[in-house]
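J.: Take a look at this one; I'll ask things after.
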Amino acid sequence: MKWFFVSIFAFLAGHMVPGMFRRQLVARLGSTLYLFAFSIISIGLLVWVIGAELQADYIALWPYDPRAHWVPLVAMLPVCWLWVAAIRQPCPLSIGRARGYDRTHPGINRFTRHPLLLGVFIWGCAHLFPNGHLAALIFFGGSALFALLGMARMEKMRLRHLGADEFARLSAGTRRFDLAGLFNGGLDWRDVLGGIILYGAILALHPLVLGRDPLAF
Numbered sequence: 001m002k003w004f005f006v007s008i009f010a011f012l013a014g015h016m017v018p019g020m021f022r023r024q025l026v027a028r029l030g031s032t033l034y035l036f037a038f039s040i041i042s043i044g045l046l047v048w049v050i051g052a053e054l055q056a057d058y059i060a061l062w063p064y065d066p067r068a069h070w071v072p073l074v075a076m077l078p079v080c081w082l083w084v085a086a087i088r089q090p091c092p093l094s095i096g097r098a099r100g101y102d103r104t105h106p107g108i109n110r111f112t113r114h115p116l117l118l119g120v121f122i123w124g125c126a127h128l129f130p131n132g133h134l135a136a137l138i139f140f141g142g143s144a145l146f147a148l149l150g151m152a153r154m155e156k157m158r159l160r161h162l163g164a165d166e167f168a169r170l171s172a173g174t175r176r177f178d179l180a181g182l183f184n185g186g187l188d189w190r191d192v193l194g195g196i197i198l199y200g201a202i203l204a205l206h207p208l209v210l211g212r213d214p215l216a217f
């Protein structure tokens, strides 16, 4: 369990420290290089955490129930829609690009300003059901909590960077979470199709990358 906790600490530090010095790093590296470097570091740290979680001691917290596998199987399709929308559509107040945002057509921001983080939150919560052991609780539960707290943190960062007037202008017509917005222009057919493709890719790669087949239960 030692290296699992070390990887968790490194993952958190790898997200918090760059955020503390984001303005200075962007000024020195430029926004594109900063985002590229941050993404590569984040992916590398996430791979380390996942590998450490798979190797951690199994300390059971609740009994295993095969029916619980249906929870992530069902939940991951809307999660994939959110992740594709976060990549495709501008999200000026969260993780994602701001370029091209039209506040008269907020798109996914009408449903949630934080599609990527909301997806991570649902992903983490859903994967807790079939994984009732300590390392999974820390990994998936911690990821869900990290994403939930990250929504407020991202908005504070954007408020500090943009100023109150610009933040208010961009946030008009957006919501942290509003289910009605999902059926009012939040997603388009490309988000839906891309999400289905991503969902299929995750199902196919899951046993190859992680050694666990989501369909074998």
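Just so you know, we're using UniProt numbering here: the sequence shown kicks off at 1 and counts up by one. Where a beta carbon is used, it is the ideal one built from N, C-alpha and C, also for glycine. Given the structure is predicted, the values throughout are model-derived calculations rather than measurements.
Is G107 buried or exposed, if buried means 16 or more other CB atoms sit within 10 Å of its CB?
T.: G107 is buried by the Cβ-count criterion.
J.: Which residue marks the beginning of the alpha helix (DSSP H) containing Y199, and which one marks its end?
T.: Counting along the chain, the alpha helix (DSSP H) containing Y199 begins and ends at W189 to L210.
J.: Looking at the unbroken alpha helix (DSSP H) that takes in P72, where does it start and where does it end?
T.: Segment W70 to R88, the alpha helix (DSSP H) holding P72.
J.: When you compare the CB positions of M76 and W123, do they come within less than 8 angstroms of one another, or not?
T.: Yes; because the gap between Cβ atoms is below 8 angstroms, this pair is in contact.
J.: Select from S171, S7, P115 and D213 the residue whose C-alpha is nearest the C-alpha of residue 221.
T.: Nothing about residue 221 can be reported from this structure: the residues present for the chain run from 1 to 217 only.
J.: If you draw a straight line from the C-alpha of N184 to the C-alpha of W3, how long is it?
T.: Each residue's Cα considered, the two are about 46 angstroms apart.
J.: Would you kindly check if the distance between the Cβ of T112 and the Cβ of F177 is under 8 angstroms?
T.: Yes. Within cutoff.
J.: Alpha carbon to alpha carbon, how far is L128 from Q24?
T.: So the two alpha carbons sit approximately 38 angstroms from each other.
J.: Express the C-alpha separation of I95 and L35 in angstroms, rounding to a whole number.
T.: Whole-angstrom Cα-Cα distance: 10 angstroms.
J.: Can you pull the DSSP bridge partners for A60?
T.: In DSSP, A60 forms a bridge with H133.
J.: Have a look at T104 and G173 and give me their C-alpha separation to the nearest angstrom.
T.: Distance between the alpha carbons of T104 and G173: 8 angstroms.
J.: Have a look at W116 and V17 and give me their C-alpha separation to the nearest angstrom.
T.: It should be noted that the sequence gives Leu, not Trp, for residue 116. Their backbone Cα atoms lie some 20 angstroms apart in a straight line.
J.: With the cut-off set at 8 angstroms, would you say P63 and G132 are in Cβ contact?
T.: Going by C-beta atoms, P63 is nearer than 8 angstroms to G132.
J.: If C80 sits next to L198, beta carbons under 8 angstroms apart, how far is it from one beta carbon to the other, in whole angstroms?
T.: With 8 angstroms as the limit, C80 and L198 qualify as a contact, their Cβ atoms being about 4 angstroms apart.
J.: Compute the beta-carbon to beta-carbon distance between V84 and D191, rounded to the nearest angstrom, for a pair I have assumed lies under 8 angstroms.
T.: Going by Cβ atoms, the distance from V84 to D191 rounds to 5 angstroms, so yes, they are a contact pair.
J.: Beta-carbon within less than 8 angstroms of M20's beta-carbon, same chain only, minus the 5 sequence neighbours each way: which residues are those?
T.: Excluding residues within five positions, none has a Cβ falling inside 8 angstroms.
J.: Have a look at D102 and P66 and give me their C-alpha separation to the nearest angstrom.
T.: Each residue's alpha carbon lies about 45 angstroms from the other.
J.: In this structure, how does DSSP classify L93 when only helix, strand and coil are distinguished?
T.: Looking at L93 - three-state DSSP - the assignment turns out to be coil, as it is neither helix nor strand.
J.: Check for me: the alpha helix (DSSP H) holding H127 runs from which residue to which?
T.: Taken as a continuous stretch (DSSP letters only), the alpha helix (DSSP H) holding H127 covers P115 to L128.
J.: Could you tell me which of L93, G150, P214 and L215 sits nearest to R169, measuring between CA atoms?
T.: When each option's Cα is compared against that of R169, the closest is L93.
J.: Counting C-beta neighbours from all protein chains within 10 Å, is the total for L149 16 or more, i.e. buried, or is it exposed?
T.: Classification for L149: exposed.
J.: CB L215 to CB L205, shorter than 8 angstroms?
T.: Their beta carbons are not under 8 angstroms apart, which means L215 does not touch L205 by this criterion.
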